[in-house]
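Following: one structure in structure tokens, then a few remarks.
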Amino acid sequence: MQARSFFPQCNADLQVVFPEQPIQSADRNAITVRIARTVEDIFKVFSVRSATYIAEQFCFYDEEFDGNDFCSTQILGEMGGDAAGCVRLRFFGDFAKLERLAVRREYRTSRLAYRLVRDALEHCRKKGYTKVYGHSRLDLVRFWKVFGFKPIEGRPAFTFANVRYVEILAELEPHPAAIRIGLDPMAMIRPEGVWDRPGPFDMALSDSDPRRKGLLAESTRTLGKQDIVAA
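Numbering (my numbering) for the sequence shown: 25 to 255.
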């Protein structure tokens, strides 16, 4: 159909193409939770935390963005495609730390916070962790108990950023398919959290390209015994 039927001022040779099916509006109540993998996802996480911790708890920028964001796993929650919540995971020797749970004010009547925590705990289990540590505001201990967290006995409450906290700990059931040595070696190079699904290297894109094979053979220097020197 000619575009001029809708836009009289446009060029005469332009056409309008309609979609085969009507465009469906987004369900604003639909919850999606995923690991933040792209720069845009990270910006969404930062926007949620700025809208909650900085705008509502009045913490300083350096307190909220503490230097740990690029050595952790960020989980993003969306409502109808809008960045609505997030949580951060950091991993230590035999435990993980769950932190920075945030949900924007307008989405706090939803179940998003529960989905974020459950997905975060499941991610810890998949990585082989059975202990998850955290800090709870005194008034939110009851919320964390829903997920199996308990205040650590004998540990006193403490304060940072003008808020009182207690240390909490959850002990999880081991995941039957936790990532570990002895699994398919390809699992270790798949995207974070989806070790059970084929990743880019499983598709063997480079292996099926003879030109790339030739370039690799030309540019790779292989070491012989004479090249290996003990330190």
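No residue lacks a Cβ here, since even glycine has one placed at the ideal position from N, Cα and C.
Who does residue i pair with in a DSSP beta bridge?
i, result
"S16", "Examination of residue 16 is not possible in this model, given that the chain is present from 25 through 255 alone."
"M103", "I55 and D106"
"V187", "F184"
"T97", "L113"
"K237", "The partner list for K237 (beta bridge, DSSP) is empty, contrary to what the question assumes."
"P175", "I192"
What residue range does the beta strand (DSSP E) around residue i cover?
i, result
"H159", "K155 to R161"
"E197", "Per DSSP, E197 belongs to no beta strand (DSSP E) and is neither H nor E."
"E123", "A120 to V127"
State the CB to CB distance for the pair residue i and residue j, rounded to an integer number of angstroms; the pair is presumed to be in contact (CB under 8 Å).
i, j, result
"R124", "R112", "4 Å"
"Y131", "G109", "7 Å"
"K155", "L193", "6 Å"
"R161", "L100", "About 22 Å separates the two Cβ atoms, so there is no contact after all."
"N53", "G104", "7 Å"
"D226", "M210", "6 Å"
"R135", "I55", "7 Å"
"C148", "L196", "7 Å"
Please state whether DSSP places residue i in a helix, a strand or coil.
i, result
"C110", "strand"
"Q81", "helix"
"V218", "coil"
"I192", "strand"
"T133", "coil"
"K150", "helix"
"P32", "coil"
Can you list, in chain order, the residues of its chain with a C-beta nearer than 7 Å to that of residue i? Leave out the 5 residues immediately preceding and following it.
i, result
"I66", "A60 and Q98"
"S71", "A107"
"A137", "G109, L125 and V127"
"C83", "Y77 and A185"
"S96", "R112, L113 and R114"
"E88", "R73, Y77 and I78"
"D90", "none"
Could you spell out the range, first to last residue, of the alpha helix (DSSP H) harbouring residue i?
i, result
"F67", "V63 to R73"
"R166", "V165 to K169"
Quick one: what's got a C-beta closer than 8 Å to residue i's C-beta in the same chain, skipping five residues either side?
i, result
"M212", "I203 and W219"
"K151", "F115, A120, A202 and I203"
Kindly list the residues whose CB is nearer than 6 Å to the CB of residue i, restricted to its own chain and excluding five residues on each side of it in sequence; keep chain order.
i, result
"K121", "R114 and Y157"
"A181", "R188 and V190"
"G223", "R214 and P215"
"V141", "F171"
"P198", "T154"
Less than 7 Å between the CB of residue i and some heavy atom of the ligand SAH, yes or no?
i, result
"P222", "Among the components modelled here there is no ligand, and therefore nothing to report on the ligand SAH."
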